[in-house]
Amino acid sequence: MPHSDNKMGRWGAVSYIVGNIVGSGIFIVPGSMLQNTGSVGLFLIVWLLSAAVATLGAYCYCELGTSIRRSGGDFAYLTHVRWNAIAFMFMSIGCVLIYPLMLAIQAETTAEYTVQAFRLNENCLNNPILLFIFKKLIFSLFALFMMFINFYSLRRVGARFQIAGTIAKLLATTLIVCTAIYILISKGQLQNFSSPFQNSKWEAMSLVNAFFAGLFSYDGWDVLNFGAEEIENPKRTMPFAILSGMFCVTSIYIVINLSFLVVLDADTVRDSTAVAMVFAQQSLGQFQHLMPFIIILVMMGAMNGTIFTASRYLFAAARSRQIPSFLALLNPENDSPRASIFAHVLMAILFSFIGDTNQLINYLGFAQWLQRGFTMCALLWIRFNFNNFILHPDAIKTPIFMPIIFLCVCLSLVGITIIQEFSVAKFGLLVLAIAFLIYFVFIWENTLLNRFPIFKQFCYLINDKLASFVQIILNGKIELFNEEFQNNDPKIIEEKENKIKITGNIKIYPLKEEEKINGDYKQRRRRKSLNKNELTKIN
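Using numbering that gives the first Met the number 0, you'd call the opening residue of the sequence shown number 0 and step up by one each time.
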């Protein structure tokens, strides 16, 4: 446990929430949201309601994070209630759909701002097909560039990109707000607010798409779940940090959107795919050329963070034997999960061809909120069957109406999408169906494959050959946890002997010891440096 002097206090937790949420979303979604709401008034209301939903979700996930103190997010919560098949399905949708779509959206926006910065769409690419190809080329170059940064120089260059992205984020926000205040005082431009609800769109699917875009901007509200033990007095600090942090984020977003609407007319915001660039062109004079490069830095910082998080998510799933083991490859020099990084970037590039930015946001929103709906079902299941589960004694308890309301929101967003726009839901449902089949064919303990040992051996052979090939190509070694320690039951198991198995270049690390600290069961794994040819016998 961290020493009390090193724990995060109230304002540290608030800054953590604000810094994690405020990012690329505010420069991506305003045009899409205004298209789907139709009016300035409804546009601002959806921003506020999205903040309320995100705050509600943060409180519900806060209870889960303090009750079930295991890494893995939604996967850990679903396996805790022993919904292993559902947990595997949503782990798959996270690996295959959610994180790649997030990177695709960020890279797509980076490519759009690059085109706008050099005015390629006006000067030399009047052909729509040529412009499309050029955008995809820029998209791929940015994605591959960030991939190689995460391959080789995470600490030196990757960390500096995060710092540069944060500075660019603050600079862009300050520049937009100060410019809008100056224009408002000097010119008094308020024509967008004379009839705020004129042309409002009240159709259910339009509102759902607007909410998907708004909630995308607030993504990251569950960040405190991953560091509950680093927070001083979580029962008091976390609720305060969530409420204060979300208030700050909402205020920043509303002020930025009001700034856009003071300088630009509603139609311009609605039709823009790079709203900050248009804002700069109409208000900053010669300084307009600075804005796209600031936004590109913001996007590159966001892409770097997404690649880092997603690759570790893929790596953890592969190391725990949930997906093919070649994705558990680590480079020995810098501990970079190169296979997971490459797979994630490749999937993002492929997803960029299935739709534009707005469509990708809708695909992402459906998958995310379907997953969160099942996680809320798990929370309610724990609430009504709490005697059957081991929970941390210092867990935060939210009023029962909060997870119920949040579940209703999730079901509404998902249900309306399935009924009225199945084309958005089909990708998420297809991945879930495939994951369901894979689980019961390959992972389920009573799988029929146990009756066909030849086919099972063939699958293992393919996995081993693929693992060997990837190790040669990407210069790494594969790490797996021993199967006997893959136990979803959080109860303490007896301390095991220190057994390490080496198969070729694949290291299998077992659990060394477990200890009970303040009612929280934690696993501690100890690694040993071994030569490639060393073999320790397993009893």
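Note that the Cβ used here is the ideal one computed from N, Cα and C, for glycine as well.
Buried versus exposed, by CB contacts within 10 Å (16 or more), residue i
i       : result
Val-440 : exposed
Asp-73  : buried
Gly-372 : buried
Ser-422 : exposed
Glu-202 : exposed
Tyr-252 : buried
Gly-8   : exposed
Arg-68  : buried
Phe-451 : exposed
Arg-235 : exposed
Glu-478 : buried
Leu-33  : buried
Phe-454 : exposed
Gly-164 : buried
Pro-392 : exposed
Leu-169 : exposed
Member of the options whose CA lies at the smallest distance from the CA of residue i
i       : options                            : result
Ile-230 : Leu-41, Phe-150, Tyr-15, Ser-339   : Tyr-15
Val-114 : Phe-421, Ile-294, Phe-468, Met-90  : Ile-294
Ser-49  : Trp-201, Tyr-60, Leu-100, Trp-220  : Trp-220
Val-28  : Gly-427, Gly-164, Val-45, Asn-191  : Val-45
Phe-215 : Ser-31, Ile-433, Ala-432, Ile-461  : Ser-31
Ala-171 : Gly-93, Ala-203, Gln-287           : Gln-287
Val-80  : Ala-394, Asn-384, Ala-432          : Asn-384
Asn-83  : Gln-470, Ile-442, Phe-457, Lys-476 : Ile-442
Ile-85  : Ala-434, Ile-461, Gly-414, Met-299 : Ala-434
Thr-305 : Ala-106, Ser-91, Thr-272           : Ala-106
Asp-218 : Asn-232, Gly-244, Pro-402          : Gly-244
Phe-133 : Phe-117, Ile-148, Gln-280, Gln-34  : Phe-117
Leu-242 : Ile-166, Ile-477, Trp-10, Lys-476  : Trp-10
Lys-396 : Gln-358, Tyr-60, Pro-452           : Tyr-60
Thr-272 : Ala-432, Ala-424, Ala-110          : Ala-110
Thr-36  : Asn-208, Asn-474, Phe-325, Ile-404 : Asn-208
Lys-135 : Arg-269, Leu-345, Cys-458          : Leu-345
Ser-91  : Tyr-181, Asn-449, Gln-370          : Gln-370
Ile-104 : Phe-400, Phe-210, Thr-356          : Thr-356
Val-587 : Ile-175, Ser-194, Val-254, Val-248 : The question about residue 587 has no answer here: the residues shown for the chain are numbered 0 through 538.
Phe-350 : Leu-41, Ser-139, Val-52, Ala-53    : Ser-139
Ser-408 : Gln-281, Phe-210, Asn-333, Glu-444 : A quick correction: the sequence has Val, not Ser, at residue 408. Of Gln-281, Phe-210, Asn-333, Glu-444, the residue nearest in Cα terms is Phe-210.
Nearest-angstrom beta carbon gap, residue j and residue i [assumed within contact, 8 Å]
i       : j       : result
Tyr-438 : Tyr-98  : Contact flag wrong, Cβ pair sits at about 20 Å.
Tyr-58  : Thr-374 : Between Thr-374 and Tyr-58 the Cβ distance is about 13 Å, and since that is not below 8 Å, they are no contact.
Pro-331 : Tyr-112 : About 37 Å separates the two Cβ atoms, so there is no contact after all.
Leu-100 : Leu-359 : 5 Å
Leu-296 : Ala-167 : 4 Å
Ala-347 : Ala-212 : Not quite, the Cβ-Cβ distance comes to about 19 Å (not below 8 Å), so this is no contact.
Met-401 : Leu-55  : 6 Å
Phe-26  : Val-254 : Actually they do not touch by this definition, with Cβ atoms about 14 Å apart.
(message) I'd like to know if the region 338–348 and the region 306–326 are in contact, where contact means that at least 3 CB-CB pairs between them fall below 8 Å.
(response) yes
(request) Can you check the region 87–130 for any alpha helix (DSSP H) of at least 4 residues that lies completely inside it and give the ranges in chain order? (result) 98–116, 119–122
(request) Evaluate contact between the region 184–192 and the region 259–274, counting only Cβ atoms and requiring at least three cross-stretch pairs below 8 Å. (result) Counting Cβ pairs under 8 Å, three or more are found: they touch.
(message) Under 8 Å: do the region 317–325 and the region 128–142 share three or more Cβ pairs, one atom per stretch?
(response) no
(request) Could you tell me whether the region 355–374 touches the region 402–417, using the rule of 3 or more Cβ pairs below 8 Å? (result) yes
(request) With a floor of 3 residues, list each beta strand (DSSP E) that falls wholly inside the region 312–343, ordered by position along the chain. (result) Runs found: none.
(request) Quick one: which unbroken beta strand (DSSP E) runs of 3-plus residues sit fully inside the region 149–211? Chain order, please. (result) none
(request) Kindly provide the ranges of any alpha helix (DSSP H) runs that are 4 or more residues long and lie completely inside the region 265–306, ordered along the chain. (result) 265–270, 274–282
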